[in-house]
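Here the structure comes first, spelled out in structure tokens, and everything after it is commentary.
Residue numbers (this note's numbering): 497 to 688.
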């Protein structure tokens, strides 16, 4: 499921705003609800009464919400792990695990998301590359070949990537192209 991110309030995501919002648990809860990271209200499925915010996703990971937000922010800003550990006041091993989790989550979102690019007057570049591990001197174990097939919209920078196993034929790639690339539509000429 692709998410449509609301970028109207970018000022809430700058370094100073995030650091200020994550000074304590209450501020972090309010900020996370304000920016849409946490739901403002949820109902219990059994009785449809409102739930209280006790155990959110981040408590399962043994971090406070302020620590989790700081780590996610540090990962997005490509801050080195040593500095991220200092920012969130946790160990570098925990930061390493979180960075790996962020990478895995974003990779899954990008590979599973329904991103449609292109359209009228936009140039879309399509390419593929082999991701097969190659044996040195043709010796050793044989590895299965698979291909990364993707496209980039030159104007917007939006892109998608999909793995295509074994075949790179028209029958395999055309459905991917039709699914993710919006075709150009030219107006019909009017003849007098």
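Where a beta carbon is used, it is the ideal one built from N, C-alpha and C, also for glycine.
- Separation of residue 672 and residue 534 (C-alpha to C-alpha, rounded to the nearest whole angstrom) is 34 Å.
- By the neighbour-count criterion, in which a residue is buried when 16 or more other Cβ atoms sit within 10 angstroms of its Cβ, residue 563 is buried.
- With contacts defined by Cβ atoms closer than 7 Å, residue 579 and residue 591 do not form a contacting pair.
- For the pair residue 601 and residue 583, the Cα-to-Cα distance works out to about 22 Å.
- Contact check for residue 646 against residue 656 passes: the beta carbons are separated by less than 7 Å.
- In this structure, residue 650 keeps its C-beta atom at 7 Å or more from the C-beta atom of residue 612.
- Fully contained in the region 623-667 are the following beta strand (DSSP E) runs of length 3 or more, in chain order: 642-649 and 655-661.
- For a cut-off of 8 Å, the C-beta gap from residue 625 to residue 643 is around 7 Å, short enough to register as a contact.
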